[in-house]
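Peer 1:
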Amino acid sequence: MLRVAVCVSGGGTNLQAIIDAVASGKIAGTEIVRVISNKKDAYALERAAKAGIEAVCVSKEDHPDREAFEEALIAAVDAACADLIVLAGFLVVLPEKMIQKYRRRIINIHPSLIPSFCGKGFYGLRVHEAALERGVKITGATVHFVDEGTDTGPIIKQKAVEVLENDTPEVLQRRVMEQAEWVLLPETIDEIAAGEIKIGMERKN
Ligand code: GRF
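Numbering follows my numbering, in which position 114 of the sequence shown is assigned residue number 752; successive positions increment by one, without gaps.
#1: Pick helix, strand or coil for ASN843, following the three-state DSSP scheme.
#2: Using 8 Å as the threshold, is the C-beta distance between ILE665 and ILE835 below it?
#3: Taking just the CA atoms, how far does TRP820 sit from ALA693?
#4: Label VAL724 either buried or exposed according to how many other C-beta atoms from any shown protein chain fall within 10 Å of its C-beta, with 16 as the threshold for buried.
#5: Where DSSP assigns a beta bridge to PHE707, which residues make up the other side?
#6: Just mark ASN746 as buried or exposed, buried being the case when its beta carbon has 16 or more other beta carbons within 10 Å.
#7: If I measure Cβ to Cβ from GLY648 and keep anything under 6 Å in the same chain, skipping five residues before and after, which residues do I get?
#8: Give the straight-line distance between the Cα atoms of ASN843 and PRO807, rounded to the nearest whole angstrom.
#9: Who are the near neighbours of ALA718 in its chain, counting only those whose CB is closer than 6 Å to its CB and skipping five residues on each side?
#10: Based on the DSSP output, what are the partners of ALA643 in its beta bridges?
#11: Could you tell me whether the stretch 779-786 touches the stretch 742-758, where touching means 3 or more Cβ pairs closer than 8 Å?
#12: For a quick check, are the C-beta atoms of GLN811 and LEU770 less than 8 Å apart?
#13: Grab the span of the beta strand (DSSP E) containing VAL746 for me, first residue to last.
#14: For MET736 and LEU640, what's the separation of their Cα atoms in angstroms?
#15: Using a threshold of 8 Å, state whether the C-beta atoms of VAL730 and ALA710 are closer than that.
#16: To which residues does DSSP link HIS782 through a beta bridge?
#17: Measure the alpha-carbon distance for ALA795 versus GLY690 and round it to whole angstroms.
#18: Quick one: what does DSSP say GLU800 is sitting in, helix, strand or coil?
#19: Do GLY838 and ARG742 have their C-beta atoms closer together than 8 Å?
#20: In whole angstroms, give me the CA-to-CA distance for VAL765 and ALA706.
#21: Pull up the CB-CB distance for PRO824 and ALA686, whole angstroms please, since I reckon it's below 8 Å.
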């Protein structure tokens with residue numbers, strides 16, 4: 639059984655796609671053991687609760703400084719004893735210590751074809767605004783391992799999505815989610831669970 643922890647900050651539609659894929663068997667041999675949010679009001683927390691998954695919140699507000707917050711975040715991740723950590727719309731710059739500890743065991747989904755429209759400042763609608771401003775005809779989503787940079791880790795999987803005339807950032811965001819993100823992330827997890835995609839072996843806690 640692949641033990642998966644999912645980190646979220648918002649609506650959690652990607653989390654839902656994973657939950658549904660585990661339930662339907664599209665993702666085999668996998669258990670979502672914990673959902674961690676940095677936002678108390680993240681709807682993703684409710685999605686986890688509805689699915690009977692342990693959900694915890696580690697918020698900056700509840701800690702005196704960045705260091706204390708980072709320690710608490712790492713502790714929450716460690717407590718999951720997860721083989722794989724999935725960042726599904728997690729808007730926190732990960733502590734370096736966590737990246738080192740979980741090398742090649744943290745994956746992120748980004749809503750563009752990296753290396754386009756990624757890096758610092760490219761999150762949420764901004765990614766799709768930039769794609770429309772540039773006039774690209776194809777965009778998509780990327781799943782990649784997380785390293786010390788922003789969206790710079792090894793690419794695992796990508797899926798292309800057409801940009802249509804008259805797209806607004808919101809319409810394009812929705813199409814990228816439906817056609818790419820919600821497909822790609824469950825597929826990746828299933829392939830990791832099946833051993834087709836290799837992740838870091840060592841569980842260091
Ligand atoms: C997604 O577009 C994801 O690619 C990005 O943040 C968004 C999260 O959406 N990293 P949701 O919370 O999964 O609905």
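A virtual CB, placed ideally from N, CA and C, is assigned to each residue, including glycine.
Peer 2: Judging by the given coordinates:
#1: For ASN843, the pLDDT reaches just 49, beneath the cut-off of 50, and the residue's location in the model is therefore unreliable, leaving the point undetermined.
#2: no
#3: 21 Å
#4: buried
#5: In DSSP, PHE707 forms no bridge with anything.
#6: buried
#7: ALA680 and GLY727
#8: Here ASN843 scores only 49 on pLDDT, less than 50, and its place in the model is too uncertain to base an answer on.
#9: ALA643, VAL671 and ARG672
#10: ARG672 and ILE723
#11: yes
#12: no
#13: According to the sequence provided, residue 746 is Asn. The question's Val does not apply to it. Start and end: 744-748.
#14: 19 Å
#15: no
#16: ASN746 and ILE793
#17: The identity of residue 795 in the sequence shown is Lys, whereas the question assumes Ala. Near 29 Å, if we compare the C-alpha coordinates of GLY690 and LYS795.
#18: strand
#19: yes
#20: 31 Å
#21: The pair is not a contact, with the Cβ atoms about 16 Å apart (cut-off 8 Å).
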